[in-house]
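Right, one structure below, let's go through it.
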Amino acid sequence: MLFAATVLLGLAAAPPQGPSVKELFDRQLSQLRETQQSDGSYGSRLDTAYMVVALTLCPRAYREDDGPFISHAVRWLLQYKPAFEDPGGDAVTALALLCADGERYRPTLTRLAEGAGLSVSVLQTLAAGGQAALPDGLSTQVLRELPLPKAGQSAKAILEALGPEAGIAVRLAAVATAGIAYRAQSKPSGEKIDGRQVYERGIDYLLSQKGKSGLWEVYGKPEPGISALCARALLGSQRQAVQQQAIPVLDFLRGLQKDSGAIYDGHLPVYVTSVAVMALAAGGREQDQEAIAKAAQYLATVQTDEGEGYSEADKFYGGIGYGNDLRPDLSNLQYAMQALKDAGREADDPAFQRALVFLQRVQNRSESNPEVFQDADKERPVRAGNDGGAVYYPGNSPAGTILLADGSSVARSYGSMTYALLKCYVFAGLERSDPRVQAAVDWIQRHWTLEVNPGFDTLRDPRAGFQGLYYYYLSLAEALDAAGVERIQVPHGESHDWRLELLAKLAAEQQQDGSWVNQEASRWWEGNPVLCTAYALAALQVAGR
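This is the structure in C-alpha cells:
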C-alpha cells in the first residue's frame, strides 16, 4: 500500500508571496494572445514558435483543441517555408511541434531538429525541464534562440523580471523560457512525505467539523450528502476508533431511505443516494445490504429509458439526472454508476448498457456521435468535435463552445467530464482497445495537468479552470485506477506517474489545519473545506491502492 510507505513531494507547501507563477503566466499569455495575426502567427516564425512552447509548457498546458490561439499558430508553423537557412528557427519550431503533439508531428519536427543539429531526444529532455547535453558544433544562432533557462532560474523570476517596457519579442522569448523552467521546477524534489500522515491529518480536520448532531451540518442541519462522503473517508482511516465514528452516519443514512429506495432529505436525490450507497458499501455491514440493493434499484429506475417512454433515438436516453428534473447529465450519471458498481452491479447490467448510448453522445467523437443537438437557449446547433473528450450533457458544456466555419459549434471538452466518461466506459465493459476509450485516453494524455480542470478557456477567464478542481482530482483518480492506466504519456514524450504526482499535489495543497479548499473558485460548493477535504481524501484513497 502506498500510504504505508512514502511518496515524493513535488512542490513546496509554503504559501506563495505575491502573484503565483500561474497568475504571472496568465497575465503574460492573455496579453500576448491579443497580438495574434489574422494568419494565425504571432509575428515572426521564432515569435510564433515561442508562443506555442509557452502555451503548452505553462501550468495550464494548452493544446490545439483549446482554441485558435494555439491551433492556428501550429498550423501556421507547419505551413511556413523559410526563404533562407534558419537553424535557430528550425530548432525552436521543432521544439514547439514536439510540445504541441510530438507523435502527430514527428516526421516534420525530426527533419527540422536534425537540420538544426539536434536530436529529438535532446528536445524531449528540454521540454520535460531536464538538463539536456547539447551536442558540440551547434550554430551560435541555435544556442542563442533556444529558450534555455539559466541553471537554477525559476519561472517566477523570469516572468517577474519582465518590465512594462519589454517588447513583444522579448516577452515571447521569456515566457517560452519560463515554460521550460516551470517544467523543471515541477519535477519531484526528492523530499519524502508520509502519504498516510497526510490522510490522517485530513481525517482529524473532518472530525473537528462535526456538528452537535454528530454529523456534518449545513446551516445547523445534518447534510446527508456531505456526511456520506465524510463517513466514507473515516472508513479509510487506519485508526479503528475513527472508523467507528462513521457508524452513526451509516445508521442516519439508512434511516433516510424512502419507499422508492432513494436516500436523501429534501434535495438532490440521485447525488445523495449515490454517495450514500458508496458509504454504506464501504462500511461492509450485513444489516445495510438490503438498503444498498433498494437504493441501487432506485438509481436504475430513474434512468431515462423505455419505462419513461424514451427510445435510443432520444437525446437523453440512458442518462441520469438529479432525480427531480428531466435533464440527465454526465456528472450525476457517473455518481450513479459508481454507486451501482459499489453495490455489486456488473458490466452487463442493463443500466450500464443503456448508459452507453448517453455516454457516446457526450463524447466529442463524431464517428460514434454523428448527431447535431440544439438547446432552446442556444442560437446555433452543436455537433460533436473529434478531440475525444467529454461534455456535461449532449451539446452542452460549462467550458463553453467553439464556433465552426459552417455556423455550427462544438461544445468544449473538459477534464472532469472526460475522466467521468472514461470511468463509465470501463464500468460498462469497454476494453482499453475500444476506439471510444482510446479517444478519451488520448485527450487525457494531451491535457495532463494537476494545476487546473483543463478544457476551459482560461486566457479569457483565468479563474475558469479552477472550477470543480477537487471534484476533478477525484474523477481523475477513479477513472485512471478503473482503466488500469498507471502512467500518462504527454505529447512531448514525458511520462507521468499519476499516483505519485497526485499524492504530491494534494500534500502540497493541504492547509495547516489538515483541510483542503478551493481558494480560487467556490463554484459547485468547493468553497466549503469539508466537501473539498472529503474529495481529496477519496482521491488519496484511490491513488494509494
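Per our numbering, the very first residue in the sequence shown carries number 4; after that it's consecutive. Even for Gly, the Cβ is constructed at its ideal location relative to N, Cα and C. This structure is a prediction, so every number in the text was calculated from the model and none was measured.
Alpha helix (DSSP H) runs wholly inside the region 130-189, at least 4 long, in chain order: You should have 143-148, 158-163 and 171-188.
The region 166-184 in contact with the region 116-123 per 3-pair CB rule at 8 Å: no
Three-way DSSP call (helix, strand, coil) for residue 323 in this model: DSSP, reduced to helix, strand and coil, places residue 323 outside both helices and strands of the structure shown, so it counts as coil.
Inter-stretch contact at 8 Å, needing at least 3 Cβ pairs: the region 137-157 / the region 105-116: no
Span separating the alpha-carbon of residue 392 from that of residue 546: 22 Å
Residue environment, residue 182, which counts as buried when at least 16 other CB atoms sit within 10 Å: buried
Cβ-Cβ distance between residue 283 and residue 253 below 8 Å: The Cβ-Cβ distance between residue 283 and residue 253 falls below 8 Å.
Per-residue DSSP class, three states only, for residue 9: The pLDDT assigned to residue 9 is 41, lower than 50, so where the model puts this residue is not dependable, and the model offers no usable value.
Sequence-distant residues of its chain with Cβ nearer than 6 Å to residue 432 (five each side left out): The answer, listed in chain order, is 350.
In chain order, each beta strand (DSSP E) run of at least 3 residues that lies wholly inside the region 88-128: none
Start and end residues, alpha helix (DSSP H) containing residue 406: That residue, residue 406, is in no alpha helix (DSSP H); its beta strand (DSSP E) goes 404-406.
For residue 44 and residue 273, the rounded distance between their alpha carbons: 48 Å
Rounded straight-line distance, which links the Cα of residue 322 to that of residue 501: 29 Å
Environment of residue 529 [buried if 16+ CB atoms lie within 10 Å]: Per the 10 Å Cβ criterion, buried.
Which listed residue (135, 271 and 165) has its alpha carbon closest to that of residue 154: 135
Cβ-Cβ distance between residue 228 and residue 251 below 8 Å: no
Cβ-Cβ separation, residue 64 to residue 95 (assumed contact under 8 Å), whole Å: Contact flag wrong, Cβ pair sits at about 19 Å.
Nearest neighbour of residue 54, chosen from 100, 267, 412 and 82 [CA to CA]: Checked all of 100, 267, 412 and 82; the closest Cα to residue 54 is 100.
Cβ shell of residue 320 (< 8 Å), same chain only, five flanking positions each side left out: 307, 308, 313, 314, 357, 360 and 361
For residue 420 and residue 3, the rounded distance between their alpha carbons: Residue 3 is absent from the structure shown; the chain starts at 4 and stops at 548.
Burial state of residue 19 (16 or more Cβ within 10 Å): With a pLDDT of only 45 at residue 19, under 50, the local geometry of the prediction cannot be trusted, and no value is derived from it.
Residue range of the beta strand (DSSP E) that includes residue 498: 498-500
DSSP state of residue 14 mapped onto helix, strand, coil: At residue 14, the pLDDT of 35 sits below 50, so the modelled position is not reliable; the number obtained from the coordinates is stated separately. Correct three-state label for residue 14: coil.
CA-to-CA distance, residue 293 to residue 61, given in whole angstroms: Their Cα atoms are separated by approximately 50 Å.
Endpoints, beta strand (DSSP E) assigned at residue 515: Note, residue 515: premise wrong, no beta strand (DSSP E); not H, not E.
Range covered by the beta strand (DSSP E) that runs through residue 492: 490-492
Collapsed DSSP secondary structure at residue 241 in the structure displayed: coil
Option nearest residue 140 by Cα separation, candidates 165, 179 and 90: 90
Under the three-state DSSP convention, the category residue 448 falls into: helix
Exposed unless 16 or more other CB atoms sit within 10 angstroms - verdict on residue 297: buried
C-beta atoms of residue 256 and residue 285 nearer than 8 Å: no
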